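Chains as they are written, first to last, in the numbering used here: chain A, 218 to 359; chain B, 862 to 1005.
Where is the CB? At the ideal position from N, CA and C, for every residue including glycine.
It should be emphasised that the depicted structure is a prediction, and the values quoted were computed from it without experimental measurement.
Written below as structure tokens is the structure these notes are about.
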């Protein structure tokens, strides 16, 4: 059953990204371009996505016994160097091309050679990150 | 008065589908639907959850839009044709999301909806950094 849920979830995520326009890099860059022709579509996408998720988190809290995911509370969260640097680097890359990981994967089938190269570069970045992490934590423990 | 744009309606509709997908993954599998985490942990083999779920999820994420585009017009991505732009952006997104442990789906959709401080702060940081990057590269340097 878990595999069926993963299948439905992945498919719905991919179609939702296409319907919402988030596989169109111009719309994403339009959202970030506050000094140009600003496009608020992304806010509608985020709002629409947060609604069912908020209901899901609430339903999860009412389950007993509590699933493991509900117990990993965000109060233990850390705002360490790699979290801050990572978020900023991601934002910079997102701005440059207008693609984040979800749409980059979802548009693989119709995004042409550029989309394939973006995904390969992203995968390469992901693969070298454990080394960067090790260096960041070794250089200055928080 | 602002007229409601059709793109906003499709944005909301697509957003609801994305949120529903995340809700199914959360309630069905007890997991966060984060694109960068799922792909990243498959690549560096740090996954603690059943690997087959990740593979099925990723395959569905690639294949469903292809099937969908047979019946409904799915516009081009309009991705830059400058290789330097594509490769530098890809590297930054890959490194950044794995360092931050999340992207727009994990920190944004799944994090904000549970009011996770990390999700909210990360989303604020990457949107601000993205906005600053566009401002710099497009309006100040005129590069993209």
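Membership of residue 258 (chain A) in the alpha helix (DSSP H) is indicated by the continuous run 258 to 278. Collapsing the DSSP output to three states places residue 914 (chain B) in a helix.
Annotation for residue 973 (chain B): 980, 981 and 984 place their beta carbon closer than 8 Å to its own, counting only its chain and skipping 5 residues before and after.
A contact is defined here as three or more CB-CB pairs under 8 Å, and the region 864 to 873 of chain B meets this definition with respect to the region 229 to 249 of chain A. In the assembly as shown, residue 307 (chain A) is a buried residue. Its beta-carbon has 16 or more other beta-carbons within 10 Å. With a 10 Å radius around the Cβ and a threshold of 16 neighbouring Cβ atoms, residue 244 (chain A) comes out buried. Counting C-beta pairs with one atom in each stretch, the region 219 to 230 of chain A and the region 913 to 923 of chain B have three or more that are closer than 8 Å, which means they touch. The region 295 to 329 of chain A is shown to contain whole alpha helix (DSSP H) runs of 4 or more residues at 298 to 314 and 318 to 323, in chain order. Residue 903 (chain B) is positioned such that its CB atom lies no closer than 7 Å to that of residue 890 (chain B). Contact annotation for residue 226 (chain A) against chain B: 882, 885, 886, 894 and 918 [CB-CB distance below 7 Å, chain order]. In the DSSP assignment, residue 868 (chain B) falls within the unbroken alpha helix (DSSP H) covering 867 to 890.
Of all residues in the region 303 to 319 of chain A, only 303, 304, 305, 306, 307, 308, 309, 310, 311, 312, 313, 314, 315, 316, 317, 318 and 319 place a beta-carbon less than 8 Å from a beta-carbon of chain B. In the DSSP assignment, residue 246 (chain A) falls within the unbroken alpha helix (DSSP H) covering 242 to 249.
The C-beta of residue 945 (chain B) comes no closer than 7 Å to any C-beta of chain A. For the set B:878, B:987 and B:996, the Cα lying nearest the Cα of residue 304 (chain A) is the one of B:987.
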